[in-house]
Every structure is written in structure tokens, then in C-alpha cells.
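Heads up, the sequence shown is in our numbering, so the first residue is 3 and it goes up one at a time. All C-beta atoms in this analysis are idealised placements derived from N, C-alpha and C, irrespective of residue type, glycine included. Single-structure report; data block below.
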Amino acid sequence: MELGPQTLVSVLSNYHSQLANTLSGVSDPAARRQLAHVLLCRLVLVYDLQVGGFLAGGDRWYLHNQLGRQPSDSQSSFFQSFFQPLCHQGLSLPAVELPKALSQRLGTLPYLGCRLFTPHPLEQQHPQLDVPDEIMEKLLGWLAEQTWQRQSLESDPDLPTTALADNAITREALAQAWEALLTVPGAKATATSTAQLCAIAQQTVDQQIVQAIAFPTSEPATELTELLSTLTDDRCQQLIATVLPNLSMLDPACGSGRFLLMTLERLQTVYQSCWDYAQTSSHPALQDWVRSLQNHDCPPQWFWTRQIITQSLYGVDLRPEAIAVTQTQLWLRLLATLPAEKPLPLLPDLDFNIVMGNALVGFIRVDAESFDQIAPKRSPAEAESETILQGNLLQPLAAASYRDTLAEIQIRIEHYRAQTQAMGAEGGIPDYVQREFLRDRIATVNDAAQQKLNDLLFATWSRQLGIVVKEPQATGRARKRLLTPADVAALHPLHWGFAFNKIMAQGGFDLIITHPPEGTLRPQVEAFYYQHQALFERADISLAAFRRSRRQILQQRPELAALWATYAGRINSLRDCVRRSLDYPDSGGVNTRRSISLKSLFRQRCAGLAKADGIVPQVL
């Protein structure tokens, strides 16, 4: 069977639907769809580890063998008795922390330190969730029939193959299929061709690197391909020490992460050229670089790929499933640099690079003085005690300024990342609990700062811009009410100046490439329907019927009318804000009634996020 991208899209879409529809223990369809994405990401990553020989002493049929050992009369499913423990414990805890019986069942496994495998919030809310064995059997059976091309067949001839290489599931085919799968149900699927992606990524990355090299020397610009073919010691050192580590690329609507992946590939090529040159150079700094990368079990490609995905690539998306998919894709590219059955280091945490939030809402730069004037939220019980913050994790936010909060966050992130690398090198991982404590500490301080920033944004919208909420009623008229902090929080603001403080403090991102959602800024019938699908299904209302007779249905269903009023009112508030905000000067002003395209909003947003003297953002 030829497995082109379109075929892979249909197969993945089919299995995603089957997972979402057959998940038991979760009643909400939206939650089931999100969990289905998470489970697919986990399965893909585990299967890649299996094909690479990283599980149970190189067992390349690990999942299939474990499924075969599942007793036919077992009271528990394969998912509950094996796959979930494999993810939540086997791959998420050091071997010394696993119960003996579970360790014997799972076999020898790498500790990944990867948050994809830790219990998802929806799993914690629904501990009884389950997947039928039939679905797992079908998925694993289908995977067994395909060629999983984690590396080129020439570089790893031992990979098990059951099909021709040109029909394999490649990294790029998987990314393209996932991009289509992430399309909102009922909306038009759009996918940029691979050739166009490659051309855009190469053009923008090459232009940025050439500009960065020529800038300090005032040398005339040349093609990067020519530059790499005529490397000198100084040029190579400039690339690996200054240009490449400081390059930053953003996709503010990252989806499945395809633009990030193409940028990664181009940067990997540049690093490889530098590596090939440095190995024959007598330059002391280049020799030190070569030795530093050779003194590890992992190949050098692992280290510079890890550096790229943690220090150069950044993505934002409003959908949690898109964040999971993008992070999974980047981990897959990192794993592809490891030869089969090599020792597996910890996977880097990408939560600081691939961030969930609304790219169009939030501060690009934060007014530190205004931030400092907002007191942190406290519960009534906390307010009774004047000393409640003494020794509390939130003390820095109560006593310190915005700049101090940023400094603490940065120090703790660097400590967290350094400890992750050190733990991977030690192998025994005796202090993994402290690492998780640091991660939780960062999350706690981040959440408190996000709350203060949301309050500051609320004050800006309500007092400076005069934004009110216009809620459409079933009668056809709109009801005006005052804006509330909950309205702002529901839009999931991303405060760029805080989330990416280091980059914004340097003037912005070097490269921005994105394909924003189609359409205009308005309430979306499809998005609302799938957000509240359980209510619609109980009322036996299809999406087509809601599209066709929305006003009539809302008049007959007060609970849906109230939800629609809240949802649409908040979108209308955002639209009013865009028309009044200086961040969006080309949106027509307060008095205009014309629609505002999302592409135009993203283009204006990207202009504010890019360096003033950098490459013009590519908004497709």
C-alpha cells in the first residue's frame, strides 16, 4: 500500500476519531478529542523508541509482544494494565523508583524526564478512563505493516522494514498529516507544501545567518551555501560561538510545528558543515569544541539539535493539543540523531519554548511600574494573616519588583535545565524529585505573575480603552455589560514580554514564519459547537442544524443562549480592543465596521515581535 501524506492523514484521522469515540470514563467530547491527541503523541513517541531499540534491551516488537502477553480473560484492558503504567511510571520515573513487579513487567526502560508521559490533567480528573483493546490492537497492527523511517535506511540498515522506503512514514509525512489532523472539525484544512516550506525556511534562515555574519565585519553579503563551502577558522568560530546560539525563530500559530521543523533542519545542516570543517582545523577554539562534543556517549548531532530546539525555536498556539504535537515532533527529530540502541539521555523540557496562549492577546512589553502596583490575589483565609506570605513560594511576587520576578524565573529555569543535563550525564538520577520541585516552583511563580499581568491587561482594556462586553441575545439585540477580569482570562492572554523576556529584551525575534488561521476575527460557530458538543448532543442538535438555524435554536435553548452570549461577547470585546489598540494600527479604528482578517492581525502582531533591523516576518 502506497502511504502518501493524504493516505496518512486519513489513517491518522480515522484512528484519532476511533480513540476519541471509544474512550470510556470521559463524557465530554472535547476532552475525549484532546486526550486522543495526547495518546497518539505518546504512542508515536513510544513506537519510535521501540523501532530505535531503546526499550527492553532492544526489543523492536516491544509493544506488540506486551500486547500478546495480555491474558484474553483479563479483567483490565491493555491500556490500563500496561500502556498507562508504561507512560506514567516506566518512562516517567527512574528505574530505582519503580515497584519491583512493575519493573519486571515493563523491562529495562530509559528515564525520559518528559512531561508528555506524566499524568495529564484530564487523566487526573477522570482516573477511570480506558481504551478498548480492539483499538490498541488495530493501531499497533497498522504500525507493524508500515516502514517507520526514523532515520534514512542507508544510515541504519538494521531498521525492520515491511514496505519500500519511499512509502515509509517519514518525519515530514507525519508532520504534514498532523497539521491536517489539527484542523478544527468542520473547518477547511490547509497545509503548506513541503517544497514551499523548505524554500521559505532556507531563504529566511540563510538570509539571517548571512546578515549576522556580515554585520560586525561590514563584509558584502553572499549566499550561505557558498559561505559554508569556503569556511575559515574565524568564520566557523563566529558561527558556532555567536551567530547560531543567538538566533531565535518564532511561529506564533505553530500548529503541528512544521515551520519550526524546517528551520531546525536548515540549522542542523549549518552545524554539520561547521562540524565537518572543525574536525580538520588546528584552531584552538574549534579543537576545544570538537573535543567537548566527542567526550559523550551521544553523537554531536544530538547536542546541537538539543541546543537548537531549546535555545532557538519558539512556538505558540491556543490549542493544547497543538502544543503536545509540536513538542512531540521536536523530540522525534532529536531522537533521530541517536543511532539505534545507544544510551538515551533525558529529553529536554520544551514547555519554556512551545507555549500555549493567544498570540493576539497580551502585552508585547510589560510596564514594570504598573505591574509592581498590582497586589497578588489572596484568598480570604490568607488575607486574615499578615504573615501568610512569609516563607511562601509566592513571596518574591509580594515583596519584589517585576524585574526581580523575571530574574528569579530566569535563574530557576537555567538551574532546572542545567540539572536536567547533569542528571542525564549521571545516569542514576538520584535527585529527580528536586528537579520536579524546581519545575513546580517555576510554574507557581509563573501562574502568579500571569494573574497580575491579566489584571493589568484588564485595567488597560477597561479604563484606558473603554472596552465593554456586547453579548448578543437570542432576540437579535446585544446586551452591554462591564468587562470583568474573567473575560480577559478566558481569552488566554500570552504576555510576550514575560514569557519570552530574554528575547524581547534583546529587541525581539530574529525570524518569524507562520501560517495563521483562515477567516476573520468573529465568533466561530464550529468552535462553539465543538466546545459544547455534549450539550448539543443531548439536545440532538447537529452542527449543520446549528449553522442553519442558530437564532431559532438559541431562542429555544436558554442554556445554549447564555453560553453563546458569553462566548460571542468576549470575541466582540477582543475585536473592539483590536480596533482601539496601538498594537494594531491597521485595523480600521474605533468607528469602522469592516471585518478584520486574522492574517492581518497576525501580520501586525509579528511586526511588533520582530527585531526592528531583522528579517521581515513571513506571514503566509
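| Check | Outcome |
| --- | --- |
| Whole angstroms is fine: what's the gap from Gln205's alpha carbon to Val48's? | 34 Å |
| Hey, how far is the Cα of Pro398 from the Cα of Val447? | The predicted model places Pro398 with a pLDDT of 42, which falls under 50 and marks its position as unreliable, so this point remains unresolved. |
| Taking the C-alpha atoms as reference points, what is the distance between Cys238 and Ala280? | 8 Å |
| Please state the DSSP three-state secondary structure of Tyr532. | helix |
| Under three-state DSSP, which class holds Ile505? | helix |
| I need the straight-line Cα distance from Asp457 to Arg607, nearest angstrom please. | 21 Å |
| Is the Cβ-Cβ distance between His517 and Ala255 less than 8 Å? | yes |
| Closest to Gln20 by CA distance: which of Thr172, Leu118, Pro73 and Glu139 is it? | Glu139 |
| To the nearest whole angstrom, what separates the beta carbons of Ser250 and Ile515, a pair I think is in contact under 8 Å? | Rounded, the Cβ-Cβ distance is 12 Å, inconsistent with contact. |
| Going by other Cβ atoms of all chains shown within 10 Å of its Cβ, with 16 needed for buried, is Leu556 buried or exposed? | buried |
| Straight-line CA distance for Ser76 to Cys89? | 20 Å |
| In this structure, how does DSSP classify Leu263 when only helix, strand and coil are distinguished? | helix |
| Quick one: grab the DSSP three-state call for Thr163. | Note that Thr163 has pLDDT 42, beneath the 50 cutoff, so the model's placement of it is unreliable and no number is given. |
| Write down every uninterrupted run of the beta strand (DSSP E) in the segment 431-497 whose length is 3 residues or greater and which is fully enclosed by it, in chain order. | 470-474 and 480-484 |
| Bridge partners of Thr516, per DSSP? | Val621 |
| Would Ala182 pass as a contact of Val11 if the rule is Cβ separation under 8 Å? | yes |
| Taking 8 Å as the threshold, find out whether the segment 485-504 comes into contact with the segment 229-245 through three or more Cβ pairs. | no |
| Name the residue from Arg260, Leu108 and Phe548 whose alpha carbon lies nearest to the alpha carbon of Ala175. | Arg260 |
| If you run the structure through DSSP and keep just helix, strand and coil, what is Gly60? | coil |
| Report yes if the C-beta distance between Leu263 and Arg152 is below 8 Å; otherwise report no. | no |
| If Leu467 and Cys579 are in contact, beta carbons under 8 Å, what's the gap, nearest whole angstrom? | 6 Å |
| For Asp267, count neighbouring Cβ atoms within 10 angstroms of its own Cβ and tell me buried if that reaches 16, exposed if not. | First, the amino acid is wrong: residue 267 is Glu here, not Asp. Buried, since its Cβ has 16 or more Cβ neighbours within 10 Å. |
| What is the residue span of the alpha helix (DSSP H) that Ile366 lies within? | Where Ile366 is concerned, there is no enclosing alpha helix (DSSP H), given that its DSSP letter is neither H nor E. |
| Kindly identify the DSSP beta-bridge partner or partners of Trp306. | DSSP, once it has assigned bridges, lists no residue as partnering Trp306. |
| Can you tell me whether Phe119 is buried or exposed, with buried defined as 16 or more other CB within 10 angstroms of its CB? | buried |
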